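Chemist: Here the protein sequences line up with chains A and B, keeping their order. Counting in our numbering, the first sequence runs from 281 upward without gaps. Counting in our numbering, the second sequence runs from 38 upward without gaps. Mind looking over this structure? Questions follow.
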Amino acid sequence: MDEKILEIEDLVVEYKTERATVHALNGVDLSLSKGESLGLVGESGAGKTTTALSILNLLPEASAVIKSGDIRYHGKSVFRMNDKELQSMRGGKISMIFQNPLTALNPVFTVGEQIAVVLRVHQGMSRKAASERAKELLEMVGIAGYRIKDYPHQFSGGMRQRVGIAAGLACNPEVLIADEPTTALDVTIQAQILELMKELQTKYDTSLLMITHNLGIISELCQKVAVMYAGRIIEYGTVREVFKHPMHPYTAGLLNALPKLEGPRERLVAIPGRVADPQDLPDGCRFHPRCEGCQARCKEEIPPMVRVNDDHYVACFGAKEGI
Amino acid sequence: MLKYIGKRLLQTLLVLFIVSIFAFALIHMAGGNPALLLLPDGASDEAIKAMEHELGLDQPLYIQYIQYMIGVFQGDLGMSTAYKIPVADIIAERLPYSIKLTMGTVLVGCSLCIPLGIIAGSNRGKPVDFFAMFFALLGNSMSAVWLAVLNVFVFSVWLGWLPSMGAESFSNIILPALTLGYPMAAEITRVGRSGMIDTLSEDYITATYAKGISRRVVNWKYAFKNALIPIITLVGMSIGSYLAGAVVVETVFAWPGIGQLTNQAVGNRDYQLVQSLLLVSAALFTLINLVVDIINSLVDPRVSLE
Ligand SMILES: Nc1ncnc2c1ncn2[C@@H]1O[C@H](COP(=O)(O)OP(=O)(O)O)[C@@H](O)[C@H]1O
Ligand SMILES: [Mg+2]
Numbered sequence: 281m282d283e284k285i286l287e288i289e290d291l292v293v294e295y296k297t298e299r300a301t302v303h304a305l306n307g308v309d310l311s312l313s314k315g316e317s318l319g320l321v322g323e324s325g326a327g328k329t330t331t332a333l334s335i336l337n338l339l340p341e342a343s344a345v346i347k348s349g350d351i352r353y354h355g356k357s358v359f360r361m362n363d364k365e366l367q368s369m370r371g372g373k374i375s376m377i378f379q380n381p382l383t384a385l386n387p388v389f390t391v392g393e394q395i396a397v398v399l400r401v402h403q404g405m406s407r408k409a410a411s412e413r414a415k416e417l418l419e420m421v422g423i424a425g426y427r428i429k430d431y432p433h434q435f436s437g438g439m440r441q442r443v444g445i446a447a448g449l450a451c452n453p454e455v456l457i458a459d460e461p462t463t464a465l466d467v468t469i470q471a472q473i474l475e476l477m478k479e480l481q482t483k484y485d486t487s488l489l490m491i492t493h494n495l496g497i498i499s500e501l502c503q504k505v506a507v508m509y510a511g512r513i514i515e516y517g518t519v520r521e522v523f524k525h526p527m528h529p530y531t532a533g534l535l536n537a538l539p540k541l542e543g544p545r546e547r548l549v550a551i552p553g554r555v556a557d558p559q560d561l562p563d564g565c566r567f568h569p570r571c572e573g574c575q576a577r578c579k580e581e582i583p584p585m586v587r588v589n590d591d592h593y594v595a596c597f598g599a600k601e602g603i
Numbered sequence: 038m039l040k041y042i043g044k045r046l047l048q049t050l051l052v053l054f055i056v057s058i059f060a061f062a063l064i065h066m067a068g069g070n071p072a073l074l075l076l077p078d079g080a081s082d083e084a085i086k087a088m089e090h091e092l093g094l095d096q097p098l099y100i101q102y103i104q105y106m107i108g109v110f111q112g113d114l115g116m117s118t119a120y121k122i123p124v125a126d127i128i129a130e131r132l133p134y135s136i137k138l139t140m141g142t143v144l145v146g147c148s149l150c151i152p153l154g155i156i157a158g159s160n161r162g163k164p165v166d167f168f169a170m171f172f173a174l175l176g177n178s179m180s181a182v183w184l185a186v187l188n189v190f191v192f193s194v195w196l197g198w199l200p201s202m203g204a205e206s207f208s209n210i211i212l213p214a215l216t217l218g219y220p221m222a223a224e225i226t227r228v229g230r231s232g233m234i235d236t237l238s239e240d241y242i243t244a245t246y247a248k249g250i251s252r253r254v255v256n257w258k259y260a261f262k263n264a265l266i267p268i269i270t271l272v273g274m275s276i277g278s279y280l281a282g283a284v285v286v287e288t289v290f291a292w293p294g295i296g297q298l299t300n301q302a303v304g305n306r307d308y309q310l311v312q313s314l315l316l317v318s319a320a321l322f323t324l325i326n327l328v329v330d331i332i333n334s335l336v337d338p339r340v341s342l343e
């Protein structure tokens, strides 16, 4: 269980645009073990998608700069892999489900082709066999098999999302990165997809990096959770620990903003202030302008990740005192 | 599909009807008496009257128009006043030359420059991209006349490789096709390049890479098809206009196509011919458009023919 498949170490990524430099990732440390499922949460703009793309070494060449850090897959840096190694890793061993179903499918190819190509490339399947299997995969995600000949624009957003999921699952990858895979789905389909992922995990021991806003999904599906804020992981641990005893005020805020079904009705509390702007990050702890427990030190120093216990790590000066 | 084509052909008829009215009106507003052109100088008033009667010019305009249209539907486009033979025969003789020249031009434009645009777009900022952009800029900024003169000077006068006029042999088509084809090639390069750049920044291309597809296959199989869509539209529109007459180039190279014919017909005040040429050009143009739309729908599934 503790064999680390994927290790992200102090990853710093910037996007250079004409107008500004976007500090998307500011030292991300994260690792994923065999068979583990890790939830990655954070508001939009926190750097979740950037992290996911970095793992596949697929950041846009024109704008993204990897300032420092490394990502290792089975000990080998993905940034130093040659084309062949990258191609066999992408889609075959690590596959990714993209966030936006409306833009992630090529409009001029059939959905069948877009699923089957993975099987042809990675499993050496013939055209016919791949297309048969693509049909099965479509049915698995709840779309009628005969529709493999249809084009993306003939499907709803949720269905396109499921096509992407089918392509992601095609090769029973060792690692599945799912970038907010269920946002476009209605609740019943969502449950179905989550069930599918669970099954995949137990059957093939797939490791899962689940990116989502939905804390419910995380508690349902994941063992570990990492909370991201302004391009850093600010709290990490087992879902049970972190959700029960959130140490970082941001995590606590996220959990508070969640309606509870049981217990007395409380008012939902939104986190005050706005998400940190990665073009103009505050000094010190990136969360301090929104933090109620902000101290002088928080405005100057970036809090390091400290161990609370074996199952729980947090990057907050205030948290230590709370222990 | 057949239903769609039928519908479009009906639309084409409607367009042609409107064009025919305009052509007819335009010619008659231009003034001048065709009867005079057919008669020797100093013909008597009676002779003129008789000729006008023979040509139907003494009828009210709408009758003349109706008579003309009845003829058109029977394949009779009237008599050329300058050549004194049926207009339909003249056009039938000239049209194949226009088709040949158009095919040559499209061949020049597409064969080299679709690949050039794709390569440039997928190697943005690299030397090949600068070369392609320079090539495109040059092609876009040279007028047909200047390019024609340049080609004649270099290939006929200076190097002596190619004939500069006529249409007798295959070598005759090269210079006019190059002259017409270069600006088209430049435009294809430009459109192909920017189509490729746009496509490559799409999410679905990143997603294709994420499936472990090689750069070569992503560029030439996947992104290529996306980038081809604007090129097809461009080429289709150009084909229409070349068929309908590349007046300048055909005149310079004495290429006996529709463009040259139009130029001569206007010069000769050959009303019947001009009027029918307008009609035939419009018909060609709309038919080509139909073909382009069909091809487009084959490449781009989002374009439906209904
Ligand atoms: N290609 C890009 N060019 C410039 N900025 C980008 C690009 N992609 C993402 N960003 C910026 O980087 C930050 C992190 O983005 P992202 O990783 O997509 O966040 P998330 O997935 O958590 O919403 C955001 O501020 C976003 O605007
Ligand atoms: Mg995202």
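Where is the CB? At the ideal position from N, CA and C, for every residue including glycine. All of these numbers come straight from a predicted model, not from anything done at the bench.
Spell out whether any CB of chain A is found under 7 Å from the CB atom of residue 251(B).
Modeler: At least one chain A Cβ lies under 7 Å of residue 251(B).
Chemist: Output yes if chain A places a C-beta closer than 7 Å to the C-beta of residue 338(B); else output no.
Modeler: It does; some Cβ of chain A falls within 7 Å.
Chemist: Which runs of the alpha helix (DSSP H) fall wholly inside the stretch 77-165 of chain B and span at least 4 residues, in chain order?
Modeler: Listed in chain order, the complete alpha helix (DSSP H) runs (minimum 4 residues) inside the stretch 77-165 of chain B are 82-92, 98-110 and 124-159.
Chemist: Suppose the cutoff is 7 Å on Cβ atoms and the five residues either side in sequence are ignored; what does the same chain contact list for residue 267(B) look like?
Modeler: Excluding sequence neighbours, residue 267(B) sits near 228 and 232.
Chemist: Which residues, in chain order, does the stretch 156-176 of chain B contribute to contact with chain A at a C-beta distance below 8 Å?
Modeler: Listed in sequence order: 161.
Chemist: Roughly how many whole angstroms lie between the Cα atoms of residue 599(A) and residue 505(A)?
Modeler: Answer to the nearest angstrom: the Cα atoms are 18 Å apart.
Chemist: Would you mind giving the Cβ-Cβ distance between residue 583(A) and residue 570(A), rounded to the nearest angstrom? I have them listed as a contact below 8 Å.
Modeler: Contact flag wrong, Cβ pair sits at about 15 Å.
Chemist: Counting only Cβ pairs nearer than 7 Å, list the residues of chain A close to residue 244(B).
Modeler: Neighbours of residue 244(B) on chain A, chain order: 378 and 384.
Chemist: Where does residue 304(A) sit, in a helix, a strand or coil, going by DSSP?
Modeler: DSSP places residue 304(A) in strand when its eight states are reduced to three.
Chemist: What in chain C is Cβ-close to residue 241(B), meaning under 7 Å?
Modeler: The structure shown contains no chain C; the protein chains it does contain are A and B.
Chemist: Tell me which same chain residues have a C-beta within less than 7 Å of the C-beta of residue 21(B), skipping the five on either side of it?
Modeler: The structure shown does not extend to residue 21(B), since chain B spans only 38 to 343, so no value can be given for it.
Chemist: Are there any heavy atoms of ligand 3 lying less than 6 Å away from the beta-carbon of residue 329(A), as far as the coordinates show?
Modeler: Here the bound small molecules are ligand 1 and ligand 2; ligand 3 is not part of this structure.
Chemist: Residues of the stretch 256-269 of chain B with a CB closer than 8 Å to any CB of chain A: list them in chain order, please.
Modeler: Correct list: 259, 262, 263 and 266.
Chemist: So what's residue 603(A) in DSSP terms, helix, strand or just coil?
Modeler: A caution first: residue 603(A) carries a pLDDT of 44, below 50, which makes its placement in the model too unreliable to give a value.
Chemist: Does ligand 1 have a heavy atom nearer than 6 Å to the CB of residue 323(B)?
Modeler: For ligand 1, not one heavy atom lies less than 6 Å from the Cβ of residue 323(B).
Chemist: Output the distance between the C-alpha atoms of residue 136(B) and residue 93(B), rounded to the nearest integer angstrom.
Modeler: For residue 136(B) and residue 93(B), the distance between alpha carbons rounds to 34 Å.
Chemist: Using a C-beta to C-beta distance shorter than 8 Å, which residues of chain A count as neighbours of residue 247(B)?
Modeler: Near residue 247(B) (Cβ distances below 8 Å), the residues of chain A are 336, 338, 370, 371, 375, 376 and 378.
Chemist: By DSSP, does residue 521(A) sit in helix, in strand, or in coil?
Modeler: The answer is helix: DSSP assigns residue 521(A) an H, G or I state.
Chemist: So what does DSSP say about residue 311(B), is it helix, strand or coil?
Modeler: In this structure, residue 311(B) counts as helix in the three-state DSSP scheme.
Chemist: To the nearest angstrom, how far is the alpha carbon of residue 454(A) from that of residue 509(A)?
Modeler: Computed Cα separation, rounded: 27 Å.
Chemist: Please indicate yes or no: does the CB of residue 297(A) lie closer than 6 Å to some heavy atom of ligand 1?
Modeler: Flag set: Cβ of residue 297(A) near ligand 1.
Chemist: Does the CB of residue 354(A) have a neighbour CB from chain B at under 7 Å?
Modeler: No, its Cβ sits nowhere closer than 7 Å to a Cβ of chain B.
Chemist: Please state the DSSP three-state secondary structure of residue 242(B).
Modeler: Three-state DSSP puts residue 242(B) in a helix.
Chemist: Give me the residue from 286(A), 334(A) and 303(A) with the minimum Cα distance to residue 562(A).
Modeler: Out of 286(A), 334(A) and 303(A), 303(A) has the C-alpha closest to the C-alpha of residue 562(A).
Chemist: Identify each residue in the stretch 413-433 of chain A for which the Cβ-Cβ distance to at least one residue of chain B is less than 8 Å, and report them in chain order.
Modeler: Per Cβ criterion, the list reads 431 and 433.
Chemist: Exposed or buried, residue 100(B), counting other C-beta atoms within 10 Å across all chains shown (16 or more means buried)?
Modeler: Answer is exposed; the Cβ neighbour count stays below 16.
Chemist: From residue 289(A) to residue 253(B), what does the alpha carbon distance come to, in whole angstroms?
Modeler: Near 31 Å, if we compare the C-alpha coordinates of residue 253(B) and residue 289(A).
Chemist: Determine the DSSP secondary structure at residue 251(B), reduced to helix, strand or coil.
Modeler: Looking at residue 251(B) - three-state DSSP - the assignment turns out to be coil, as it is neither helix nor strand.
Chemist: Checking 7 Å against the spacing of the C-beta atoms, do residue 395(A) and residue 447(A) come in under that value?
Modeler: It is a contact, given that the beta carbons lie within the stated cut-off.
Chemist: Give the range of the alpha helix (DSSP H) segment to which residue 353(A) is assigned.
Modeler: Unbroken run through residue 353(A) is the beta strand (DSSP E), 344-353; no alpha helix (DSSP H).
Chemist: Under 7 Å between C-beta atoms, does residue 367(A) make it to chain B?
Modeler: Residue 367(A) counts as touching chain B.
Chemist: Give every residue of the same chain whose Cβ lies closer than 8 Å to the Cβ of residue 315(A), excluding the five residues on either side of it in the sequence, and list them in chain order.
Modeler: Excluding positions up to five away in sequence, the list reads 281, 481, 485, 486 and 487.
Chemist: Against chain B, does residue 594(A) count as a neighbour if the rule is that its beta carbon must be under 7 Å from one of theirs?
Modeler: False, the Cβ-Cβ gap to chain B never drops below 7 Å.
Chemist: Taking Cβ to Cβ, would you say residue 444(A) is nearer than 7 Å to residue 387(A)?
Modeler: Result no, Cβ atoms of residue 444(A) and residue 387(A) do not sit closer than 7 Å.
Chemist: Can you tell me which of the three DSSP states residue 65(B) falls into?
Modeler: Three-state DSSP puts residue 65(B) in a helix.
Chemist: Just tell me which of 329(A), 507(A) and 310(A) has its CA closest to the CA of residue 521(A).
Modeler: Residue 521(A) has its Cα closest to that of 507(A), out of 329(A), 507(A) and 310(A).
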